[in-house]
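Enquirer: Submitted below is the structure of interest, expressed as structure tokens.
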Amino acid sequence: MQNSSSFCRSQEAIQNKRAAETTLGNVREIATKAAEVWRLEAVAAEQREDRHRKRSALQADDRLLSENPDQGFAEGA
């Protein structure tokens, strides 16, 4: 299962908050790196979701075309 972009953005915010609130340098460094990784994952998720939306729109348009308009639409498996 792939993470949604909103989940990734919320995890990024959590890590940024953790980095901002800590007094420990190593915790700040790790949280900052984690936030960056979550940001990159969110970008990838947004691209994936955008492709899915476009594909779904194309499939909906394709369903409007019928090779046999007098017979109606065939039901897919």
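Note that the working numbering has the sequence shown beginning at 5, numbered continuously upward.
Beta carbons are placed, not taken as given, at the ideal position from N, Cα and C, and that holds for glycine.
All values derive from a computational prediction rather than experimental measurement.
Kindly indicate which three-state DSSP category H8 falls into: helix, strand or coil?
Expert: For clarity, residue 8 is Ser in the given sequence; the question names His instead. Residue state, collapsed to three classes: coil.
Enquirer: With 16 as the cutoff for other CB atoms within 10 Å, does Q16 come out buried or exposed?
Expert: The sequence given here has Glu at residue 16, not Gln. The residue is buried, with at least 16 neighbouring Cβ atoms inside 10 Å.
Enquirer: According to the neighbour-count rule (16 or more other Cβ atoms, all chains shown, within 10 Å of its Cβ), is Q19 buried or exposed?
Expert: That one is buried.
Enquirer: Could you give the distance in angstroms between the alpha-carbon of A48 and the alpha-carbon of S9?
Expert: When only Cα atoms are considered, A48 and S9 end up about 8 angstroms apart.
Enquirer: Thinking T36 and A23 are a contact (beta carbons under 8 angstroms), I'd like their distance in whole angstroms, please.
Expert: 5 angstroms
Enquirer: Between the Cα of C12 and the Cα atoms of E50, G29, E25 and E33, which residue gives the shortest distance?
Expert: E50
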